[in-house]
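Peer 1: Mind looking over this structure? Questions follow.
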Amino acid sequence: MSGAAKILVVGPLGVGKTTLIGTVSEIEPLSTEASMTQAGVRVDPEVDSGKRTTTVALDFGRLTIDGDLVLYLFGTPGQQRFLPAWQDLAKGALGALALVDSRDLAASFDALGNLEDLDLPFAVAVNVFPSGPRYDADDIRTALDLLPDTPLVTCDARDRASSIRALIALVRHLIHVATESA
0 MSGAAKILVV
10 GPLGVGKTTL
20 IGTVSEIEPL
30 STEASMTQAG
40 VRVDPEVDSG
50 KRTTTVALDF
60 GRLTIDGDLV
70 LYLFGTPGQQ
80 RFLPAWQDLA
90 KGALGALALV
100 DSRDLAASFD
110 ALGNLEDLDL
120 PFAVAVNVFP
130 SGPRYDADDI
140 RTALDLLPDT
150 PLVTCDARDR
160 ASSIRALIAL
170 VRHLIHVATE
180 SA
């Protein structure tokens, strides 16, 4: 695959979308962050660990794979109230990497449902947090009700190689989906 592809990076609040894009981007990433309010403490377990901002519009980065495929990465806000922004960002996207937090799998249900509603192919990457439990892939697949052909990988959004592997899993899935529908 060569050329350019628009990719969404989605998931619940505090799952690591901004971190992943910042880790892999070969340009200075664009982030639209706003200060967290006290209300965020109820919905984001990371607030107590030093997280003080949240994405309110998008994150943007660029990654070139194998010298000829440019991924334009668009991180979506993690809060359901920003769904209209999701819908706008999804226009022209080839697929999405859905980040999941093993500490709260249920928090990902809305993001995965949004992708299904948009009929956007996706791969799931479980972002490994040091304090998070480790689950068997089959247990995660069952808990998230993933289709058998949906790629499921683990990653550490702070680690460039790990995050790139997750994005490559998505690209391979997109190639597979495109060849099946051709």
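Numbered according to numbering that gives the first Met the number 0, the sequence shown spans residues 0 to 181. All C-beta atoms in this analysis are idealised placements derived from N, C-alpha and C, irrespective of residue type, glycine included.
1) Hey, D158 and T22: beta-carbon distance below 8 Å or not?
2) Please report the distance separating the alpha-carbon of A168 from that of E179.
3) Enumerated in chain order, which unbroken segments of the alpha helix (DSSP H) with a length of 4 residues or greater are wholly contained in the region 72-99?
4) Do L183 and I139 have their C-beta atoms closer together than 8 Å?
5) Report yes if the CB atom of R102 is closer than 8 Å to the CB atom of G131, and no otherwise.
6) Based on the DSSP output, what are the partners of K5 in its beta bridges?
7) My guess is that G10 and G77 are in contact by the Cβ rule of under 8 Å, so how many angstroms apart are they, rounded?
8) Can you tell which of I174, A110 and K90 has its C-alpha closest to the C-alpha of G13?
9) In the DSSP assignment, find the unbroken alpha helix (DSSP H) run with F182 in it and report its ends.
10) Within 10 angstroms of the Cβ of F128, are there 16 or more other Cβ atoms? Answer buried if so, exposed if not.
11) Measuring alpha carbon to alpha carbon, tell me which residue in A95, L143, V176 and G66 is nearest I20.
12) Run the CB neighbour count on A89, radius 10 Å, all protein chains shown included, and call it buried at 16 or more, exposed below.
13) Using C-beta distances below 8 Å, list every residue in its chain close to A84, excluding the 5 sequence neighbours before and after it, in chain order.
14) Quick check: what's the CA-CA separation for V152 versus E25?
15) Should T17 be labelled buried (16 or more other beta-carbon atoms within 10 Å of its own) or exposed?
Peer 2: Taking the coordinates as given:
1) yes
2) 17 Å
3) Complete alpha helix (DSSP H) runs here, min 4: 82-89.
4) Lying outside 0 to 181, the shown extent of the chain, residue 183 is not represented and no answer is given.
5) yes
6) Y71
7) 6 Å
8) Here the closest residue by C-alpha is A110.
9) Residue coverage of the chain in this structure runs from 0 to 181, which leaves residue 182 outside it and unanswerable.
10) buried
11) Checked all of A95, L143, V176 and G66; the closest Cα to I20 is A95.
12) buried
13) A56, L57, T75 and P76
14) 23 Å
15) buried
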